[in-house]
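One structure is given here, and the rest of the page talks about it.
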Amino acid sequence: MFGQPIVGQSEGGVYVDTNRLEEWDEDESEPRNALEMMKKIPVMDTDSHDRPSSEEWAEMDDPIPYGTRTVGWHFDGLGRGMHLEIKYDEATTEFVVTYKGYQVYKEVKGELNAYIPHPEWEGWIDQLFKKAREVQRVMKEEEFEEQMKAADRNKENWLREIASRWGIIK
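Our numbering puts the last residue of the sequence shown at 173; the count rises by one with no breaks.
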(Lines of atoms letter the chains of each structure in order from A; the text may use other names.)
(Lines give C-alpha, C1' and ligand atoms only; values in the text may rest on other atoms or scores of the structure.)
Protein backbone atom coordinates (compact mmCIF):
# COMPACT_ATOMS: atom_id res chain seq x y z
CA MET A 4 0.00 0.00 0.00
CA PHE A 5 2.63 2.48 1.10
CA GLY A 6 6.34 2.16 0.49
CA GLN A 7 8.42 0.29 -2.03
CA PRO A 8 9.80 -3.25 -2.09
CA ILE A 9 13.47 -3.84 -1.38
CA VAL A 10 14.62 -6.18 -4.14
CA GLY A 11 17.46 -8.71 -3.93
CA GLN A 12 19.03 -9.70 -7.23
CA SER A 13 20.92 -12.83 -8.30
CA GLU A 14 19.49 -14.92 -5.49
CA GLY A 15 21.02 -18.09 -6.92
CA GLY A 16 24.38 -17.32 -5.38
CA VAL A 17 26.08 -15.34 -8.14
CA TYR A 18 28.76 -13.44 -6.28
CA VAL A 19 31.67 -11.53 -7.77
CA ASP A 20 34.92 -11.25 -5.85
CA THR A 21 36.55 -7.92 -6.61
CA ASN A 22 39.67 -8.53 -4.53
CA ARG A 23 42.94 -9.13 -6.34
CA LEU A 24 44.43 -12.51 -5.43
CA GLU A 25 48.01 -12.76 -4.33
CA GLU A 26 50.44 -14.36 -6.80
CA TRP A 27 51.01 -17.48 -4.68
CA ASP A 28 47.24 -18.03 -4.47
CA GLU A 29 46.35 -17.20 -8.07
CA ASP A 30 44.12 -19.65 -9.90
CA GLU A 31 45.13 -20.64 -13.45
CA SER A 32 41.51 -20.62 -14.63
CA GLU A 33 41.11 -16.91 -13.85
CA PRO A 34 41.42 -14.46 -16.74
CA ARG A 35 44.82 -12.83 -17.10
CA ASN A 36 43.75 -9.76 -19.06
CA ALA A 37 40.70 -7.73 -20.02
CA LEU A 38 39.99 -9.70 -23.23
CA GLU A 39 39.87 -13.03 -21.40
CA MET A 40 37.66 -11.47 -18.75
CA MET A 41 35.27 -10.06 -21.38
CA LYS A 42 34.90 -13.52 -22.93
CA LYS A 43 33.69 -14.85 -19.58
CA ILE A 44 31.08 -12.13 -18.98
CA PRO A 45 27.58 -13.41 -19.85
CA VAL A 46 25.86 -11.39 -22.57
CA MET A 47 22.31 -11.68 -23.87
CA ASP A 48 21.95 -13.53 -27.13
CA THR A 49 20.11 -11.09 -29.39
CA ASP A 50 18.45 -13.88 -31.38
CA SER A 51 16.91 -15.98 -28.61
CA HIS A 52 16.54 -13.40 -25.76
CA ASP A 53 16.12 -16.20 -23.23
CA ARG A 54 19.49 -16.96 -21.60
CA PRO A 55 22.86 -15.23 -21.42
CA SER A 56 25.65 -16.71 -23.49
CA SER A 57 29.41 -16.72 -23.13
CA GLU A 58 32.16 -19.34 -23.26
CA GLU A 59 31.98 -19.88 -19.51
CA TRP A 60 28.16 -19.93 -19.40
CA ALA A 61 27.93 -22.43 -22.26
CA GLU A 62 30.33 -24.81 -20.48
CA MET A 63 28.18 -24.91 -17.33
CA ASP A 64 26.01 -28.03 -17.10
CA ASP A 65 23.60 -26.54 -14.61
CA PRO A 66 23.93 -22.75 -14.57
CA ILE A 67 23.09 -21.00 -11.33
CA PRO A 68 19.54 -19.63 -11.42
CA TYR A 69 19.31 -15.88 -11.52
CA GLY A 70 16.49 -13.51 -10.81
CA THR A 71 15.02 -11.16 -8.25
CA ARG A 72 12.85 -11.43 -5.17
CA THR A 73 11.46 -9.06 -2.57
CA VAL A 74 13.62 -9.10 0.56
CA GLY A 75 11.82 -6.35 2.47
CA TRP A 76 9.88 -3.10 2.35
CA HIS A 77 10.86 0.55 2.70
CA PHE A 78 8.74 3.66 3.30
CA ASP A 79 10.16 7.17 3.05
CA GLY A 80 7.81 9.82 4.41
CA LEU A 81 9.62 12.91 3.11
CA GLY A 82 7.26 13.09 0.11
CA ARG A 83 4.36 13.40 2.58
CA GLY A 84 6.10 16.01 4.74
CA MET A 85 7.14 13.45 7.34
CA HIS A 86 10.78 13.12 8.34
CA LEU A 87 10.15 9.42 8.90
CA GLU A 88 11.57 6.22 7.43
CA ILE A 89 10.20 2.72 7.96
CA LYS A 90 12.05 -0.47 6.94
CA TYR A 91 11.07 -4.11 7.19
CA ASP A 92 13.56 -6.90 6.42
CA GLU A 93 11.80 -10.21 5.68
CA ALA A 94 14.89 -12.36 6.23
CA THR A 95 15.51 -11.17 9.78
CA THR A 96 11.91 -10.00 10.41
CA GLU A 97 13.42 -6.72 11.55
CA PHE A 98 11.09 -3.70 11.66
CA VAL A 99 12.81 -0.32 12.15
CA VAL A 100 11.37 3.21 12.35
CA THR A 101 13.74 6.16 11.97
CA TYR A 102 12.59 9.66 12.93
CA LYS A 103 14.74 12.66 11.88
CA GLY A 104 17.69 10.33 11.40
CA TYR A 105 17.37 8.66 14.80
CA GLN A 106 16.16 5.12 15.37
CA VAL A 107 13.04 5.39 17.53
CA TYR A 108 11.55 1.93 17.17
CA LYS A 109 13.06 -1.49 16.50
CA GLU A 110 11.37 -4.85 16.59
CA VAL A 111 13.12 -8.13 15.70
CA LYS A 112 11.17 -11.39 15.42
CA GLY A 113 8.24 -9.87 17.29
CA GLU A 114 10.40 -8.73 20.19
CA LEU A 115 10.68 -5.02 20.98
CA ASN A 116 14.34 -3.96 21.10
CA ALA A 117 14.03 -0.17 21.09
CA TYR A 118 11.25 2.36 21.61
CA ILE A 119 11.61 6.11 22.07
CA PRO A 120 8.19 7.77 22.34
CA HIS A 121 7.53 11.12 20.71
CA PRO A 122 4.10 12.55 19.87
CA GLU A 123 5.09 13.72 16.37
CA TRP A 124 6.28 10.42 14.90
CA GLU A 125 3.62 8.44 16.79
CA GLY A 126 0.98 10.76 15.29
CA TRP A 127 2.37 10.16 11.81
CA ILE A 128 2.24 6.41 12.37
CA ASP A 129 -1.41 6.73 13.45
CA GLN A 130 -2.19 8.77 10.30
CA LEU A 131 -0.47 6.20 8.08
CA PHE A 132 -2.28 3.36 9.83
CA LYS A 133 -5.69 5.00 9.27
CA LYS A 134 -4.90 5.65 5.59
CA ALA A 135 -3.62 2.10 5.13
CA ARG A 136 -6.82 0.68 6.68
CA GLU A 137 -8.93 2.79 4.30
CA VAL A 138 -6.87 1.73 1.27
CA GLN A 139 -7.11 -1.90 2.39
CA ARG A 140 -10.90 -1.62 2.78
CA VAL A 141 -11.27 -0.14 -0.72
CA MET A 142 -8.99 -2.84 -2.16
CA LYS A 143 -11.05 -5.58 -0.49
CA GLU A 144 -14.27 -4.08 -1.88
CA GLU A 145 -12.77 -3.92 -5.39
CA GLU A 146 -11.45 -7.47 -5.05
CA PHE A 147 -14.88 -8.70 -3.90
CA GLU A 148 -16.59 -6.96 -6.84
CA GLU A 149 -14.08 -8.52 -9.25
CA GLN A 150 -14.69 -11.96 -7.74
CA MET A 151 -18.46 -11.50 -8.14
CA LYS A 152 -18.01 -10.47 -11.79
CA ALA A 153 -15.77 -13.50 -12.40
CA ALA A 154 -18.35 -15.78 -10.75
CA ASP A 155 -21.10 -14.31 -12.96
CA ARG A 156 -18.94 -14.84 -16.07
CA ASN A 157 -18.24 -18.44 -15.03
CA LYS A 158 -21.95 -19.04 -14.42
CA GLU A 159 -22.87 -17.60 -17.84
CA ASN A 160 -20.16 -19.68 -19.55
CA TRP A 161 -21.37 -22.83 -17.77
CA LEU A 162 -25.00 -22.15 -18.77
CA ARG A 163 -23.93 -21.52 -22.39
CA GLU A 164 -21.93 -24.76 -22.41
CA ILE A 165 -24.85 -26.80 -20.99
CA ALA A 166 -27.26 -25.18 -23.46
CA SER A 167 -24.98 -26.00 -26.39
CA ARG A 168 -24.60 -29.62 -25.21
CA TRP A 169 -28.35 -30.04 -25.02
CA GLY A 170 -28.92 -28.22 -28.29
CA ILE A 171 -30.76 -25.29 -26.74
CA ILE A 172 -29.99 -22.15 -28.70
CA LYS A 173 -30.78 -18.74 -27.25
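C-beta: ideal position from N, C-alpha, C; glycine also. The model shown is predicted, which means the values in this text are computed figures rather than measured ones.
Cutoff 6 Å; reference D20; Cβ partners in own chain excluding five residues on either side: Numbered from 1 along the sequence shown, position 17 holds the residue referred to as residue 20. The pLDDT assigned to D20 is 42, lower than 50, so where the model puts this residue is not dependable, and the model offers no usable value.
Would you report the Cα separation of N116 and V141, rounded to the nearest angstrom? Position 113 of the sequence shown, counting from 1, holds the residue named residue 116. Position 138 of the sequence shown, counting from 1, holds the residue named residue 141. Roughly 34 Å separates the two Cα atoms.
Flag this pair as touching only if the region 131 to 148 and the region 96 to 116 have three or more C-beta atom pairs under 8 Å; answer yes or no. Taking 8 Å as the limit for Cβ pairs, the verdict is that the region 96 to 116 does not touch the region 131 to 148.
Would you give the residue range spanned by the beta strand (DSSP E) that K109 belongs to? Translated into the one-based positions of the sequence shown, residue 109 becomes position 106. Membership of K109 in the beta strand (DSSP E) is indicated by the continuous run Y105 to V111.
Please report the residue range of the alpha helix (DSSP H) in which A37 lies. Indexing the sequence shown from 1 puts residue 37 at position 34. A37 to K43 is the span of the alpha helix (DSSP H), which, as asked, contains A37.
Which word fits V17, buried or exposed, when buried means at least 16 other C-beta atoms lie within 10 angstroms of its C-beta? Looking up residue 17 in the sequence shown gives position 14. Low per-residue confidence applies at V17: pLDDT is 47, beneath 50, and the placement is therefore not dependable enough to give any value.
Close beta carbons around E11, own chain, < 6 Å, minus the five adjacent residues each side: By 1-based counting over the sequence shown, the position of residue 11 is 8. Checking the displayed sequence, the identity of residue 11 turns out to be Gly instead of Glu. If we look at G11 and ignore the five residues flanking it on each side, its Cβ neighbours are R72 and V74.
Between which two residues does the alpha helix (DSSP H) holding D155 run? In the sequence shown, the residue the question calls residue 155 occupies position 152. Per DSSP, the unbroken alpha helix (DSSP H) holding D155 starts and ends at P122 to W169.
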